[in-house]
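Below is one structure, written out as structure tokens; the observations come after it.
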Amino acid sequence: MRKFLVVLDDSRECLNAMRFAAMRAAHTQAGVEILAVIPPEEFNHWIGVGDIMREEQRERIEAHFQVFAKWMRDKQGVDPELVIREGEPADEIIAQVQADPDVGVLVLGAATGKKGPGPLVTQLTKTAGSLPIPITIVPGDLSKERLEAIT
Numbered sequence: 001m002r003k004f005l006v007v008l009d010d011s012r013e014c015l016n017a018m019r020f021a022a023m024r025a026a027h028t029q030a031g032v033e034i035l036a037v038i039p040p041e042e043f044n045h046w047i048g049v050g051d052i053m054r055e056e057q058r059e060r061i062e063a064h065f066q067v068f069a070k071w072m073r074d075k076q077g078v079d080p081e082l083v084i085r086e087g088e089p090a091d092e093i094i095a096q097v098q099a100d101p102d103v104g105v106l107v108l109g110a111a112t113g114k115k116g117p118g119p120l121v122t123q124l125t126k127t128a129g130s131l132p133i134p135i136t137i138v139p140g141d142l143s144k145e146r147l148e149a150i151t
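When we follow the UniProt record's numbering, the leftmost residue of the sequence shown carries the number 1, and every step to the right adds one.
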């Protein structure tokens, strides 16, 4: 089964990327894989604290995932899977694409505003030519109605 890989983070544009991936998956009988990346700890010498922080991040990721997963199941009939990786976000996204041959499209949400589309979109579009799959970039300010019309 082909899957849409979408990144779960705290950005506002993540919501539109999730919606797009779920709607496209529903229309094409595909799956959705949600990837959350825990960045490396800055204070590795505080091992106990780092472990606690990492566990708290995993719990927060699981809670966010459950919200998106419920919406995807209830509204789109898609049952997503969650993958959590640790490392630099762009590197881990590329590693996940390479690790899962069922992933067919990477879906990213682009921020709006003067700062540009966001660091992930900027980094990954630079390497888009060497990725084995296409990247779909979803504008963060598209309305729900417009997303439905596009998908």
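Note that beta-carbon positions come from the ideal geometry of N, C-alpha and C, so glycine has one too.
Nearest neighbour of residue i, chosen from the options [CA to CA]
i      : options                       : result
Val97  : Asp79, Val49, Ala128          : Ala128
Phe65  : Gly50, Lys3, Thr136, Met18    : Met18
Val83  : Ile61, Gly113, Leu15          : Ile61
Leu142 : Phe4, Arg12, Phe68, Asn16     : Asn16
Glu33  : Leu106, Glu13, Lys115, Val121 : Leu106
Where residue i sits in the DSSP three-state scheme
i      : result
Thr136 : strand
Leu35  : strand
Glu13  : coil
Leu124 : helix
Gly48  : helix
Arg104 : Per the sequence presented here, residue 104 reads as Gly, with Arg not at that position. Reduced to three states, the DSSP call for Gly104 is strand.
Met142 : Checking the displayed sequence, the identity of residue 142 turns out to be Leu instead of Met. In this structure, Leu142 counts as coil in the three-state DSSP scheme.
Leu147 : helix
Boundaries of the alpha helix (DSSP H) in which residue i is found, first to last residue
i      : result
Ala90  : 89–99
Ala111 : Premise fails: Ala111 is in no alpha helix (DSSP H) and is neither H nor E.
Same chain only: Cβ atoms within 6 Å of residue i, ignoring 5 sequence neighbours per side
i      : result
Pro117 : Ala110, Ala111
Val7   : Leu35
Start-to-end residues for the beta strand (DSSP E) that takes in residue i
i     : result
Arg85 : 81–86
Lys75 : First-last for Lys75: undefined, no H or E at that position.
Leu8  : 3–8
How do the region 22–39 and the region 75–89 stand: do at least 3 beta-carbon pairs fall below 8 Å, yes or no?
yes
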